[in-house]
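Before any comments, here is the structure.
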Amino acid sequence: MDQFAVKVFVRLRPSVLDPAGEATKSASIKLGAEGIKSLRIGKMIEVKIEGNGENEVREKIDLLCDRLFANTVIEDYEYSLEKL
Amino acid sequence: MDYFTVGVVVFPGSNCDRDVSWALEGCLDIRTKYLWHESSDLSDVDAIVLPGGFSYGDYLRCGAIARFSPLINALDEFVKSGKRVLGICNGFQILTESGFLPGALVANKNLNFICDDVELDIVSSKGGWFNNVDEKQTIKLPIAHGEGRYHCNSDTLKKLVDNELIALRYKNNPNGSSFDIAGITNEKGNVLGLMPHPERACDETIGGTDGLFTLKSLILK
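Heads up: the sequence lines are chains U and E, in that order. Taken in order, the first sequence gives residues 52 to 135; the numbers are from my numbering. Taken in order, the second sequence gives residues 49 to 269; the numbers are from my numbering.
Take a look at the structure:
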């Protein structure tokens, strides 16, 4: 069995308004940061997972992302995978 | 004789389960039974309410974890058999997460948790959930949510409109919902999800009775 460290990024789809991102953008500007054109907040999920090779692990992660980690009505996801 | 019994689902974090039960039993004389989310035996209930609250602490997304409970797995057969399911607030979120209703509920546009009475237009009579036999009517119900902004893509919205699946629309949209949507049904009409709380509007002493009809309609066949 191989072990992998997976980082999953879940983001609101561009078409979905992100009020928390807008509020944080507003606070960033109040802090004095200049030039911020856009600020959107997502989630990062770290998973350590075992499997027989990368393909099998990718299948598992695809299922998790599609059915649980992200709601694809409102969110997109991508992930990176590192063999440990 | 068996009494008509409404199952009120209890998840860890549900907090409107007792209100729903009180409204059904105390105001409408309809028998209720609490259903713990680990149960998958729905054989002795005739309709189901998924109440409001914060199931599983709203972890990940509202309703996302509840979707995987044994009870929600068993709900598919229950819905297919034509029995009635009402999801209120967090219950609506669970129904969209689990695919019984289209779209999703996301953070309110202004980020506020909104606790207020709202005016609602009854748009569709599908499923007989609302008392609007004559023509379009307005009711007043309380809302209490931070993540009640209904969102769907344009194809889904068209389908909702064309098939008369939009049950309630806000008169003054409080949260930024697409098309002012406050509640929708499935195509068959036996599943209703809504953000407002009908169980909090069942007695004049607490501000109104516009929620009575919807709860009473749970006993429709």
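Note that beta-carbon positions come from the ideal geometry of N, C-alpha and C, so glycine has one too.
Can you tell me the Cα-Cα spacing of residue i and residue j, whole angstroms?
| i | j | result |
| --- | --- | --- |
| residue 228(E) | residue 221(E) | 5 Å |
| residue 104(U) | residue 169(E) | 56 Å |
| residue 130(E) | residue 234(E) | 11 Å |
| residue 80(E) | residue 174(E) | 24 Å |
| residue 242(E) | residue 80(U) | 37 Å |
| residue 127(E) | residue 161(E) | 31 Å |
| residue 148(E) | residue 85(U) | 45 Å |
I think residue i touches residue j, with their Cβ atoms under 8 Å apart; what is that distance to the nearest whole Å?
| i | j | result |
| --- | --- | --- |
| residue 78(E) | residue 267(E) | 6 Å |
| residue 154(E) | residue 214(E) | Actually they are not in contact, since the Cβ atoms of residue 154(E) and residue 214(E) sit about 18 Å apart, beyond 8 Å. |
| residue 224(E) | residue 156(E) | 6 Å |
| residue 188(E) | residue 258(E) | 5 Å |
| residue 150(E) | residue 200(E) | 6 Å |
| residue 230(E) | residue 208(E) | That pair is no contact at about 12 Å. |
For residue i, which of the options has the nearest alpha-carbon?
| i | options | result |
| --- | --- | --- |
| residue 232(E) | 185(E), 126(E), 136(E) and 191(E) | 136(E) |
| residue 54(U) | 127(U), 68(U), 126(U) and 101(U) | 101(U) |
| residue 271(E) | 82(E), 104(E), 107(E) and 86(E) | As shown, chain E starts at 49 and ends at 269. That puts residue 271(E) outside it, with no answer to give. |
| residue 108(E) | 122(E), 142(E) and 203(E) | 142(E) |
| residue 125(E) | 157(E), 152(E), 110(E) and 91(E) | 91(E) |
| residue 125(U) | 202(E), 179(E), 116(E) and 56(E) | 202(E) |
| residue 226(E) | 239(E), 198(E) and 116(E) | 198(E) |
Beta-carbon within less than 6 Å of residue i's beta-carbon, same chain only, minus the 5 sequence neighbours each way: which residues are those?
| i | result |
| --- | --- |
| residue 52(E) | 94 and 267 |
| residue 135(U) | 54 and 56 |
| residue 118(E) | 86 and 88 |
| residue 62(U) | 93 and 127 |
For residue i, which residues in the same chain have their Cβ closer than 8 Å to its Cβ, ignoring the five residues on either side in sequence?
| i | result |
| --- | --- |
| residue 190(E) | 163, 164, 165, 166, 244, 245, 248, 249 and 255 |
| residue 101(E) | 59, 61, 62, 63, 64, 65, 137 and 138 |
Residues in the same chain with beta-carbon distance under 7 Å from residue i, minus the five sequence neighbours each way, listed in chain order, please.
| i | result |
| --- | --- |
| residue 76(U) | 87 and 90 |
| residue 129(U) | 60 |
Any C-beta of chain C sitting closer than 8 Å to the C-beta of residue i?
| i | result |
| --- | --- |
| residue 158(E) | No chain C appears in the structure shown, which is made up of the protein chains U and E. |
Next on the checklist: Going residue by residue through the segment 72-117 of chain E, where are the continuous beta strand (DSSP E) segments of at least 3 residues, counting only ones entirely within it?
Outcome noted: 79-84 and 95-98
Next on the checklist: To test your reading of the DSSP string, which unbroken beta strand (DSSP E) runs of 3 or more residues are found completely within the segment 153-192 of chain E?
Outcome noted: 162-170
Next on the checklist: If we require 4 or more residues per run, which alpha helix (DSSP H) segments fall completely within the segment 56-95 of chain U?
Outcome noted: Secondary structure within the segment 56-95 of chain U: the alpha helix (DSSP H) runs of 4 or more consecutive residues, fully enclosed, are 70-82 (chain order).
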